[in-house]
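Reading through the structure tokens given below for one structure.
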Amino acid sequence: MKENIVKEGRCYIGTSGWSYSHWSKGVFYPRGMKSGEWLPFFSQRFSTVEINSSFYRLPSSEMFKRWRDVTGDGFQFAVKLWRRVTHERKLANCTRELKDFFTAAAELEPKLGPLLIQLPPFLKCNLELLDGFLSELNNATVETRWNVTVEFRNTEWLCEPVYQLLNRYDVSLCLADMPRCPITEPNNASFVYIRRHGPGGTYSGCYSPEEIAGDAGRIREWLREGRDVYVYYNNDIDGHAVTNAGQLIEAVNIKLENG
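If you use my numbering, the sequence shown closes out at 800, no skipped numbers anywhere.
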């Protein structure tokens with residue numbers, strides 16, 4: 542009788558963004574390093590990064606292509622969805638915006654990681670709206686399959702009907718530690734996505750060794766279940782994000798996927 546052997550998942554650990562001028566004064570990037578050299582330097586030390594600039598302004602296809610070309614094999618880009626879709630259109634009537642976004646972001650292949658959809662705090666729970674949007678998202682990404690995660694910023698969304706809807710589309714519930722909407726337990730999606738916004742959710746401060754160890758233990762469990770895990774530190778002030786990301790890599794005891 543053959544045993545069902547579950548292939549262990551892969552773990553990608555990085556930060557939310559890399560282009561921070563306050564990292565260039567010896568905090569992370571060597572003094573005098575040009576900004577165009579930051580991403581290649583970053584990709585030699587981490588296996589993934591979360592693109593946050595795409596939330597504020599849609600990067601060009603050429604920009605996505607350049608980011609792809611200056612990073613090592615196996616590197617993964619998570620991409621935050623344009624706020625015109627999430628905050629301005631509020632997930633409705635956004636077919637053109639989705640097409641423009643995915644056409645440009647497709648240039649990241651084969652380094653295309655998850656799509657992060659961060660919903661605004663003012664958007665209240667609406668199952669019909671979310672169902673319709675996720676269906677349209679499937680149609681918009683039929684040629685390029687994305688792993689999709691949703692970060693809710695309103696506690697109305699944290700309920701079983703929403704989790705069941707996410708499961709149906711294999712969309713991951715983003716685990717985030719914002720005080721106004723903490724999310725600590727994943728749904729049943731095939732991968733896990735974690736955002737760490739800093740102790741207290743202020744994008745600053747450094748996580749303690751105990752907090753790092755706690756995350757590492759849970760990550761190892763998910764990996765043994767065969768689920769890929771993506772972790773991004775967003776506490777960029779004073780370079781704590783890169784410090785904590787490095788500590789978590791050591792705690793989980795993994796090698797870089799692009800190393």
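Every residue, glycine too, gets a C-beta built ideally from N, C-alpha and C.
What does a CB cutoff of less than 7 Å around Ala792 pick up in its chain, not counting 5 residues either side in sequence?
-> Cβ neighbours of Ala792 beyond the five flanking positions: Ile753, Ala754 and Ala757.
Whether Val568 touches Asp779 by CB criterion (8 Å) = With contacts defined by Cβ atoms closer than 8 Å, Val568 and Asp779 form a contacting pair.
Three or more C-beta pairs closer than 8 Å, one from the stretch 689 to 700 and one from the stretch 720 to 730: is that the case here?
-> Touching, yes, given that three or more Cβ pairs across the two stretches are closer than 8 Å.
Less than 8 Å separating the beta-carbons of Phe642 and Leu622?
-> Contact: yes.
Where do the N-terminal and C-terminal ends of the alpha helix (DSSP H) with Leu585 fall, by residue?
-> What sits at residue 585 in the sequence shown is Gln, not Leu. Counting along the chain, no alpha helix (DSSP H) covers Gln585, and no H or E run does either.
Is it true that the stretch 553 to 563 meets the stretch 587 to 594, where meeting means three or more beta-carbon pairs spaced less than 8 Å apart?
-> Taking a cut-off of 8 Å for Cβ pairs, the stretch 553 to 563 and the stretch 587 to 594 touch, as three or more such pairs fall below it.
Buried versus exposed call for Lys652 [16 or more other C-beta atoms within 10 Å across all chains shown] = Looking at its Cβ environment, which holds 16 or more other Cβ atoms inside 10 Å, Lys652 is buried.
Can you name, in chain order, every residue of its own chain whose Cβ lies under 7 Å from the Cβ of Asn729, other than the five neighbours on each side?
-> Taken in chain order, the residues that qualify are Asn708.
Could you tell me which residues DSSP pairs with Thr556 in its beta bridges?
-> Assignment of beta-bridge partners to Thr556 by DSSP yields Val590 and Tyr774.
So Tyr704 packs on Phe732, CB below 8 Å; how close in whole Å?
-> With 8 Å as the limit, Tyr704 and Phe732 do not qualify as a contact, their Cβ atoms being about 15 Å apart.
May I ask you to report which of helix, strand or coil DSSP gives Lys548?
-> In the three-state reduction of the DSSP assignment, Lys548 falls in the coil class, being assigned neither a helical nor a strand state.
Report all residues from its chain with a CB closer than 7 Å to the CB of His628; omit the five preceding and five following residues, and keep chain order.
-> Scanning its chain for C-beta atoms nearer than 7 Å, with the 5 sequence neighbours on each side dropped, one finds around His628 the residues Pro661, in chain order.
For Leu699, which of Pro727, Val547 and Phe605 has the nearest alpha-carbon?
-> Out of Pro727, Val547 and Phe605, Pro727 has the C-alpha closest to the C-alpha of Leu699.
According to DSSP, what are the bridge partners of Thr690?
-> Looking at the DSSP assignment, Thr690 forms a beta bridge with Leu657 and Ser713.
Can you say whether His563 is buried or exposed, counting buried as having 16 or more other CB atoms within 10 angstroms of its CB?
-> The residue is exposed, with fewer than 16 neighbouring Cβ atoms inside 10 Å.
Name the one or two DSSP bridge partners that Arg736 has.
-> As computed with DSSP, Arg736 is found in a beta bridge with Ala717 and Tyr773.
What residues match up with Val620 in a beta bridge as DSSP calls it?
-> Answer is Ile592 and Leu656.
Residues in its own chain within less than 8 Å of Trp763 by CB, not counting five upstream and five downstream?
-> Cβ within range, chain order: Gly550, Pro727, Val733 and Val770.
Backbone CA spacing between Lys575 and Lys566 [nearest angstrom] | Each residue's alpha carbon lies about 11 Å from the other.
Reducing DSSP to helix, strand and coil, say where Ser562 ends up.
-> Three-state result, Ser562: helix.
At which residues does the alpha helix (DSSP H) containing Arg783 begin and terminate?
-> As written in the sequence, residue 783 is Val, which differs from the Arg given in the question. First-last of the alpha helix (DSSP H) with Val783: His781 to Val793.
Length of the line joining the Cα atoms of Asp711 and Lys631 = Rounded to the nearest angstrom, the two C-alpha atoms are 21 Å apart.
Spatial neighbours of Gln659 within its chain, please: CB distance less than 6 Å, with the 5 preceding and 5 following residues excluded, ordered by chain position.
-> The answer, listed in chain order, is Glu692.
Buried or exposed (CB count within 10 angstroms, at least 16 for buried), Gly800 | Residue placement at Gly800 is poorly supported in this model, since its pLDDT is 42, which falls under 50; the coordinates are not used for a value here.
Alpha helix (DSSP H) containing Lys631: first to last residue?
-> Per DSSP, Lys631 belongs to no alpha helix (DSSP H) and is neither H nor E.
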